[in-house]
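The sequence shown begins at 8 in this note's numbering and counts up one residue at a time.
Have a look at the structure below before the remarks.
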Amino acid sequence: MATCFPYLLLSSEPIFNLRTEIMYGMVAGAAYLIVLVLIYLGVGLLVSLPILLTIGVVFGLALGGLILVHGAVIWENAQAPGTALEIAMSFAWVLLFAAYFLAKIFVPAGLYRAARPAAAPAEVFA
């Protein structure tokens, strides 16, 4: 489907003007790339949905709370930036993202390790 879709956008009559043919080819190529990106993103989202629902909910709550606190602090301290509260908040952002990316690495690795309980960790992660 992704291969045929861009060509459905083209007209059915033959065009003998080379410039128009090139322009239609560029449109077909762009449509082809857009459709493939949408298909790959959709399939990738569906495949990773179980992990996103197990890990992502916890970090989504933390992210939402941190966004609200961040907005409130910035709104109140617009005239005097660089306070200790803003520095602590920036440190909280760094910790949140570090924890998120560590979980994105270690949770699938742990699931992969649990799938082969008889193997040694060196065999699984080698």
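We put the beta carbon where it would ideally sit given N, CA and C, even for glycine.
Check whether residue i and residue j have beta carbons under 8 Å apart
i	j	result
L73	L109	no
I62	V114	yes
Beta-carbon contacts of residue i that lie in its chain and below 7 Å, excluding the five residues immediately before and after
i	result
P128	R120
V76	M96
Presumed contact (8 Å Cβ cut-off) between residue i and residue j, rounded CB distance
i	j	result
Y39	F66	Their Cβ separation, rounded to whole angstroms, is 35 Å, which puts Y39 and F66 out of contact at 8 Å.
Residues near residue i by beta carbon distance below 6 Å, same chain, minus five either side
i	result
A122	none
E130	none
A126	none
Item to check | Contact the segment 89-96 vs the segment 73-80: 3+ CB pairs below 8 Å | outcome: yes
Checklist entry - Residue ranges of each alpha helix (DSSP H) run of no fewer than 4 residues wholly in the segment 37-73, ordered along the chain? => result none
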